[in-house]
Amino acid sequence: MKQQFVETIKIKNGKALALPYHQARMERTIRRFFPSFPSLASEEIKLSSLISPNEEMHLYKARVVYGAQGVEAIEYAPYKMKEIHSLKVVEDNNIDYTYKSTDRSALNALVAQKDDCDEIIIVKNGLITDTSFTNLALFDGNRWLTPKHPLLLGTKRAQLLEAGIIQEADLTLEDLRKAEKVSLFNAMIDFGEREVTEIFLPDSIE
Numbered sequence: 046m047k048q049q050f051v052e053t054i055k056i057k058n059g060k061a062l063a064l065p066y067h068q069a070r071m072e073r074t075i076r077r078f079f080p081s082f083p084s085l086a087s088e089e090i091k092l093s094s095l096i097s098p099n100e101e102m103h104l105y106k107a108r109v110v111y112g113a114q115g116v117e118a119i120e121y122a123p124y125k126m127k128e129i130h131s132l133k134v135v136e137d138n139n140i141d142y143t144y145k146s147t148d149r150s151a152l153n154a155l156v157a158q159k160d161d162c163d164e165i166i167i168v169k170n171g172l173i174t175d176t177s178f179t180n181l182a183l184f185d186g187n188r189w190l191t192p193k194h195p196l197l198l199g200t201k202r203a204q205l206l207e208a209g210i211i212q213e214a215d216l217t218l219e220d221l222r223k224a225e226k227v228s229l230f231n232a233m234i235d236f237g238e239r240e241v242t243e244i245f246l247p248d249s250i251e
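Here my numbering is used: the first residue of the sequence shown is 46, the next is one more, and so on.
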């Protein structure tokens, strides 16, 4: 099966944001899966050269697909943030999404378990990880804590950690139960734009 990976980049008012973070993650992925790739300095994978937004793109998403030959496709589309008011906890001890693959079948299978909720929180080996498409942080009344071992090391998460806005911790269902609210964030969703208080936990912890 052909391996493909993706970077989703926010374009705001004609400017592509956080490109160094996306570039670093793409290069890590290429080193891991395509070690024979000619050069990580190649213009073929230099996002600052490849992404070409225009001033009319007020809030757009650039989807960059890449693989063994470098960048294979770049798609631009207007972005509308998903409404999320409720989260359901689901468990999968085997899921692995360390690298941002175009194959989301395992994540989609978990989303199918969300019932009437808007989105899921994935628990792996007893610890909180991510939703199906964002990193997250819990507010304990004093600090914003983000899982130390998320499914995916997100670019927005990296920025928030560097800024000291969130802190890493091993978070359990008990921590989730006690949390005042949950913030969801990714490259497209800024910290504070999606905060959720309606969480459906397994019966054993409610």
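Backbone N, C-alpha and C fix where the C-beta goes; we use that ideal spot for every residue, glycine too.
Keep in mind the model is a prediction, meaning the values are calculated, not measured.
Enclosing alpha helix (DSSP H) for residue i [first to last residue]
i           : result
residue 214 : From DSSP, residue 214 is part of no alpha helix (DSSP H) but of the beta strand (DSSP E) over 212 to 214.
residue 203 : 200 to 208
residue 153 : 150 to 156
residue 164 : Unbroken run through residue 164 is the beta strand (DSSP E), 164 to 169; no alpha helix (DSSP H).
residue 93  : 92 to 95
Distance cut-off 8 Å: residue i Cβ against heavy atoms of the ligand COA
i           : result
residue 149 : Although the ligand COA was asked about, the structure shown includes no ligands whatsoever.
Between the CA atoms of residue j and residue i - distance to the nearest angstrom
i           : j           : result
residue 231 : residue 81  : 30 Å
residue 245 : residue 132 : 6 Å
residue 224 : residue 204 : 22 Å
residue 236 : residue 59  : 21 Å
residue 51  : residue 144 : 9 Å
residue 220 : residue 86  : 43 Å
residue 61  : residue 48  : 25 Å
residue 130 : residue 243 : 7 Å
residue 63  : residue 200 : 8 Å
For residue i, the three-state DSSP class (helix, strand or coil)
i           : result
residue 86  : coil
residue 53  : strand
residue 65  : helix
residue 129 : coil
residue 226 : strand
residue 245 : strand
residue 196 : coil
residue 146 : strand
Output the residue ranges of the alpha helix (DSSP H) runs that lie fully inside the stretch 98 to 124 and measure 4 residues or longer, sorted by chain position. none
Pairs of beta-carbons, one from the stretch 50 to 58 and one from the stretch 98 to 105, closer than 8 Å: are there three or more? yes
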